[in-house]
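2 protein chains.
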Amino acid sequence: MIENGFSFVEENYIKAVYHLNTQDGKPVSTNALADEMQTTAASVSDMLKKLSQKKVVFYQKYKGASISPKGKEIALKVIRKHRLWEVFLVDQLKFNWDEVHEVAEQLEHIKSPLLISRLDEFLGYPKYDPHGDPIPDEDGNFAQVKKEPLSVVEIGSSCQVIAVDDSSTAFLKYLDKMGISIGTKLRVEDKNEFDGSIDINLENDKSITVSPRAAENLLVATD
Amino acid sequence: MIENGFSFVEENYIKAVYHLNTQDGKPVSTNALADEMQTTAASVSDMLKKLSQKKVVFYQKYKGASISPKGKEIALKVIRKHRLWEVFLVDQLKFNWDEVHEVAEQLEHIKSPLLISRLDEFLGYPKYDPHGDPIPDEDGNFAQVKKEPLSVVEIGSSCQVIAVDDSSTAFLKYLDKMGISIGTKLRVEDKNEFDGSIDINLENDKSITVSPRAAENLLVATD
DNA sequence: GATACTATTTAGAATAATCTAAAAAAAATA
DNA sequence: TATTTTTTTTAGATTATTCTAAATAGTATC
């Protein structure tokens, strides 16, 4: 599987380096990468040498690796594909949030720019995946939105539900009954010291109260 | 890529053996397979030895290979996936008939029974792919329909358009103007000796005449 | 039936990705 | 700083797939 330029395995390593390196800015250690990739430090060492030659990571022996501009580009393309496929699986094929990852891990390696642009169009150019993570556009740009649980939003702030942390049927039913779904806009009216429940105002101007447990699992983007 | 049982490469060989072996019933020669797989006879020889050990093909040195029941099962699963994805690409993502093969070659190897059953449902359980080839069900059964050009259908026979052999924009525009599309039912009323054109009767009882060129490229299933 | 030609298989080597065990470097500790 | 511990790298193998070149089997021809 080399057709395009990078093998599935290489793409996964690039993604992992990007992911870990972007989290804390520091170079990624061999062990951290081995852990992420579920493999041995020796294998990682070999692979980093190769990826360094291919200019997708910066790597110095014993000093760890960081992502290069070229590597970042590749990583973001793979991430874009991963997240678009997740949207497809959830929105169109009725998968649950927690069932999509494994399949998307496979689909993200399909090579076809046309397929991805058509899929993007078909899905209505979604900006976030079902977990609320932003989807990079063709150029690798994405809106970095801070995704936080409803429970930490300040009183008076407006926000929009972009994901849930719990995808149990029970929770989904609860949300349905409350009239809340992905995309719902709301404003926090009050927080009840007593039990931690939160009063919110929905788009239709209806006011409801959600439990602390629900507020913990409702991920929102504040305006 | 061994997760499930067979690698991408192995699946492709199995598909090729099934395909060639089913065409004429005779064992497939090493060279024929090498030709189909765009590789060397030596590679095929090695692979056949392996696939024989894995019981997916029957193979005797110098005597060629044929598909085993286990191999057939695998081949049909891959073919099912390939054709369902082709339907998705054409029906949902607006690909042309001739743009789908390469992408479907990749998608057919994605491992997820749930994905395929959901996709099948999403597409409305299609029986044929955009080229008019039948799609096997989960058990590997498929309606074998003889797909023939409209030009050979006898006068008086009824049939249904299931595919086209030419997917040029020009032809598609022509069909559109004539009110013909995949699924259109029609009856052959007469054939004009003079120029080979054919008079047909459509569902709405309208009678039209199609050119011999069009009749050649319209693939139909006779009732 | 012997010879020539073609098809197929084997031998040996290459690349990609992986592993275990041993060596070397870096970090932690005393 | 010297020593111990941890991390990382290298060395040497292994599996999967492929290739070229050489050997062998099968088929065709005279």
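Going line by line, the protein sequences match chains A and B.
Here the first sequence is numbered in our numbering, starting from 280 and rising by one per residue.
Here the second sequence is numbered in our numbering, starting from 280 and rising by one per residue.
From the three backbone atoms N, C-alpha and C, an ideal C-beta is built for every residue, glycine too.
Secondary structure at A/K464: strand, using DSSP grouped into helix, strand and coil.
In terms of CA proximity to B/Y297, B/L312 leads the group B/S437, B/L312, B/F287, B/S286. Here A/D478 is near A/S486, since their CB atoms are less than 8 Å apart. Within the DSSP secondary-structure output, B/A442 pairs in a beta bridge with B/L498. Straight-line measurement puts the Cα of B/L398 at about 27 Å from the Cα of B/D445. Less than 8 Å separates the beta-carbon of A/W364 from that of A/E387. The region 303–342 of chain B contains, as complete beta strand (DSSP E) runs of 3+ residues, the segments 336–339 (chain order).
By the Cβ rule, the region 432–439 of chain B counts as touching the region 456–468 of chain B, because three or more pairs are nearer than 8 Å. The residue among A/L372, A/G411, A/V357 with its C-alpha nearest the C-alpha of A/I389 is A/V357. A residue is called buried when at least 16 other Cβ atoms come within 10 angstroms of its Cβ; A/S345 meets this threshold and is buried.
Not a single CB atom of chain B sits nearer than 8 Å to the CB of A/L363.
For A/K452, no chain B residue has a Cβ inside 8 Å of its Cβ, as the nearest lies near 21 Å away. Minimum Cα-Cα distance from B/G343 among the listed residues B/A354, B/N310, B/A321, B/G411 corresponds to B/N310. For B/I441, no CB of chain A lies under 8 Å from its own CB, so it is not counted at the interface with that chain. In the DSSP assignment, A/D474 is bridged to no other residue. In this structure, the straight-line span from the alpha carbon of B/S460 to that of B/K452 is close to 10 Å. For B/I353, no CB of chain A lies under 8 Å from its own CB, so it is not counted at the interface with that chain. At the C-beta level, B/E289 and B/L299 stay beyond 8 Å of one another. Between B/L497 and B/L429, the CB-CB gap stays under 8 Å.
In this structure, A/A354 and A/V424 do not form a Cβ contact; the two beta carbons are roughly 19 Å apart against a cut-off of 8 Å.
L368, Q371, L372, K373, F374, E378, E381, V382, Q385, L386, H388, I389, K390, S391: these are the residues of the region 365–391 of chain B whose beta carbon lies less than 9 Å from some beta carbon of chain A, given in chain order. Within the same chain, V335, G350, I353, A354 come within 6 Å of B/I293 by CB-CB distance, once the 5 residues on both sides are set aside. By the Cβ test, the region 359–377 of chain A is in contact with the region 394–408 of chain A, since at least three Cβ pairs between them sit closer than 8 Å.
Contact check for A/K406 and A/A422: beta-carbon distance about 6 Å, within the 8 Å limit, so the pair qualifies.
For the region 462–492 of chain A, no residue has a beta-carbon sitting nearer than 8 Å to a beta-carbon of chain B.
Beyond the five residues adjoining it in sequence on each side, A/L402 comes within less than 8 Å, by CB distance, of L363, V366, F367, D370, Q371 in the same chain, given in chain order. Taking CB atoms only, B/F285 has no neighbour in chain A less than 8 Å away. The C-alpha of A/Q332 lies about 13 Å from the C-alpha of A/S324. Here A/F450 has V443, A493, N496 as same chain residues with Cβ atoms under 8 Å from its own Cβ, once five neighbours each way along the sequence are excluded. Ranking A/L454, A/D455, A/L330 by CA distance to the CA of A/N291 puts A/L330 first. Residue contact check for B/L299 against chain A: no CB pair falls below 8 Å. For B/K426, the uninterrupted beta strand (DSSP E) run begins and ends at 426–428, by DSSP. Residue A/P306 holds the alpha-carbon nearest to the alpha-carbon of A/K340 among A/V432, A/K373, A/P306. Linking A/S476 to B/K373 through their CA atoms gives a straight-line distance of about 48 Å. Contact of A/R397 with chain B is assigned, a C-beta pair being separated by under 8 Å. As the crow flies, the alpha-carbon of A/N483 is around 20 Å from that of A/S490.
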